[in-house]
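Enquirer: So that we are looking at the same thing, I have put the structure below in C-alpha cells.
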Amino acid sequence: MDAEEIVGQCSQDWQRVKGIQAELQSATSKPISSEQPLLQVLEETEKRLKGELHGVRERELSTIPPNKEIQELVLKQSEHQSLQEHKETLAFLRATRDDTVESMRKSEAEFEQLKQINEEIKRKLSAFQKAEKEKDNSSLETVLTEMKAKVAKVGEAERYFKRALKNIIATRCPAPEPDEVRSTLNESQDVDPNQIMDMKRMLGRLIEQTLNSPEQPYIELDHRAWPAQVEFLLKCQVAVQHPDNPRKLKLVPFHL
Numbered sequence: 142m143d144a145e146e147i148v149g150q151c152s153q154d155w156q157r158v159k160g161i162q163a164e165l166q167s168a169t170s171k172p173i174s175s176e177q178p179l180l181q182v183l184e185e186t187e188k189r190l191k192g193e194l195h196g197v198r199e200r201e202l203s204t205i206p207p208n209k210e211i212q213e214l215v216l217k218q219s220e221h222q223s224l225q226e227h228k229e230t231l232a233f234l235r236a237t238r239d240d241t242v243e244s245m246r247k248s249e250a251e252f253e254q255l256k257q258i259n260e261e262i263k264r265k266l267s268a269f270q271k272a273e274k275e276k277d278n279s280s281l282e283t284v285l286t287e288m289k290a291k292v293a294k295v296g297e298a299e300r301y302f303k304r305a306l307k308n309i310i311a312t313r314c315p316a317p318e319p320d321e322v323r324s325t326l327n328e329s330q331d332v333d334p335n336q337i338m339d340m341k342r343m344l345g346r347l348i349e350q351t352l353n354s355p356e357q358p359y360i361e362l363d364h365r366a367w368p369a370q371v372e373f374l375l376k377c378q379v380a381v382q383h384p385d386n387p388r389k390l391k392l393v394p395f396h397l
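Its first residue numbered 142, the sequence shown is counted upward by one per residue in my numbering.
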C-alpha cells in the first residue's frame, strides 16, 4: 500500500465519523417523565453503557490498522522516534556527565569541610565550657577567700573597738566611788552605792534594748543610773532623751 491508498483510507474513515456525528446531532431527544425523571435518566444511561460495553466486546481490539504494510510503517516510525529520543537522552547525559561528576566532587569536598568545621566547633565549645566551669570554680573560691578576709577584718575591727571602748570607759567614765555616791545623795534616798551602774552596764542595757526591741529602744532610768554618766552620754550625743519623758534614754541611731 502506497501513500495515496493510506490517504484514501483515512479519508473514508473520516467521512464515516462525520456521518455518525450528523446522525447523533439529528436524533431527537426522548421526553422525560415528570413522575420519576431521575429514574428514567438512570435507565437510559444504563442502556447506553450496556451498548458501549457490547460494542467494545464485539469490536476487534487493535491499536493500529489491520493492514500489514500500515502496521510496518507505524512500527518503523515508532522505532525511529524512540531511537531519536534515546540518542538525544544519551547526548544529554554525555554532555552533563562531566558537570555532574564535578558537582559531586564539589559536594563531597564541601561535606568534608563542613564536617571538619563541625568537629572544630564541638572542640571549641567543649574547651569553652571547660574554661567557664574552671572560671566559675575559681570565681567562687575567690569570692569565698574575699568573704573570709572581710569577716576576719570585721572581727578584728570589733575586737579593736571593744578594747577602745573599754579603755575609754575605764579612763573617761570610771565608776563612782561609794563615798562620792553617799555625798551626792540626800539622806532621804536609801540607795546602796554598790548598786550604781557603771558606764559599761548602762551601754550594755542601751545596746540590748536597741537590738531586741527596735520599735521601743528606750530604757527607763532608775536610782541605779549615775547622773554624771547620763550627762556624759547626752553631751557626747551617744544617747538622747525621750521628748516627753526625760527619765527615758535610747542610743542615737548611728546606722541610719
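All residues carry an ideal CB built from backbone N, CA and C; glycine is no exception.
Where phenylalanine 269 and glutamine 257 are concerned, what is the direct C-alpha to C-alpha distance, given to the nearest angstrom?
Expert: Cα to Cα, the separation comes out at about 18 Å.
Enquirer: Can you look up glutamate 164 in the DSSP assignment and give me helix, strand or coil?
Expert: Correct three-state label for glutamate 164: helix.
Enquirer: Exposed or buried, isoleucine 337, counting other C-beta atoms within 10 Å across all chains shown (16 or more means buried)?
Expert: Isoleucine 337 should be labelled buried.
Enquirer: On the criterion of 16 or more Cβ atoms from any shown chain inside 10 Å, does cysteine 314 qualify as buried, or is it exposed?
Expert: Buried.
Enquirer: What is the rounded straight-line gap between the Cα of threonine 186 and the Cα of leucine 180?
Expert: Between threonine 186 and leucine 180, the C-alpha separation is close to 10 Å.
Enquirer: Span of the alpha helix (DSSP H) holding alanine 305?
Expert: Segment 209–313, the alpha helix (DSSP H) holding alanine 305.
Enquirer: Mind the definition here: the segment 383–392 touches the segment 357–368 only if three or more C-beta pairs lie below 8 Å; say whether that holds.
Expert: Judged by Cβ distances under 8 Å, the segment 383–392 makes contact with the segment 357–368, as three or more pairs qualify.
Enquirer: Determine, using beta carbons only, whether isoleucine 310 and lysine 341 come nearer to each other than 8 Å.
Expert: Yes.
Enquirer: Looking at the structure shown, is lysine 389 part of a helix, part of a strand, or coil, going by DSSP?
Expert: The answer is strand: DSSP assigns lysine 389 an E or B state.
Enquirer: Taking just the CA atoms, how far does leucine 306 sit from valine 292?
Expert: Rounded to the nearest angstrom, the two C-alpha atoms are 21 Å apart.
Enquirer: How long is the line joining the alpha carbons of glycine 149 and serine 244, rounded to whole angstroms?
Expert: Cα to Cα, glycine 149 sits roughly 56 Å from serine 244.
Enquirer: Identify every residue that forms a DSSP beta bridge with glutamine 382.
Expert: Answer is Leu390.
Enquirer: Taking all protein chains shown into account, decide if valine 100 is buried (16 or more other Cβ within 10 angstroms of its Cβ) or exposed.
Expert: For the chain, the structure presents residues 142 to 397; residue 100 sits outside this window and is missing.
Enquirer: Can you give me the start and stop residues for the alpha helix (DSSP H) that phenylalanine 373 sits inside?
Expert: Phenylalanine 373 -> alpha helix (DSSP H) spans 368–376.
Enquirer: Leaving out five residues before and five after alanine 380 in sequence, what residues of the same chain have Cβ atoms less than 7 Å from its Cβ?
Expert: Closer than 7 Å at the Cβ level, and outside the excluded window around alanine 380, lie Leu347, Leu374, Leu390, Lys391, Leu392 and Val393.
Enquirer: Determine the DSSP secondary structure at glutamate 185, reduced to helix, strand or coil.
Expert: Glutamate 185 falls in the helix class under three-state DSSP.
Enquirer: To the nearest whole angstrom, what separates the beta carbons of methionine 343 and alanine 366, a pair I think is in contact under 8 Å?
Expert: So it is a contact: roughly 7 Å between Cβ atoms.
Enquirer: From what residue to what residue does the alpha helix (DSSP H) around arginine 365 run?
Expert: That residue, arginine 365, is in no alpha helix (DSSP H); it is neither H nor E in DSSP.
Enquirer: Using CA atoms only, rank isn't needed, just tell me which of Ala316, Gln382 and Glu146 is closest to isoleucine 211.
Expert: Nearest C-alpha to isoleucine 211: Glu146.
Enquirer: Just to check, is the beta-carbon of valine 381 closer than 7 Å to a non-hydrogen atom of the ligand ZN?
Expert: For the ligand ZN, the structure offers nothing, since it holds no ligand at all.
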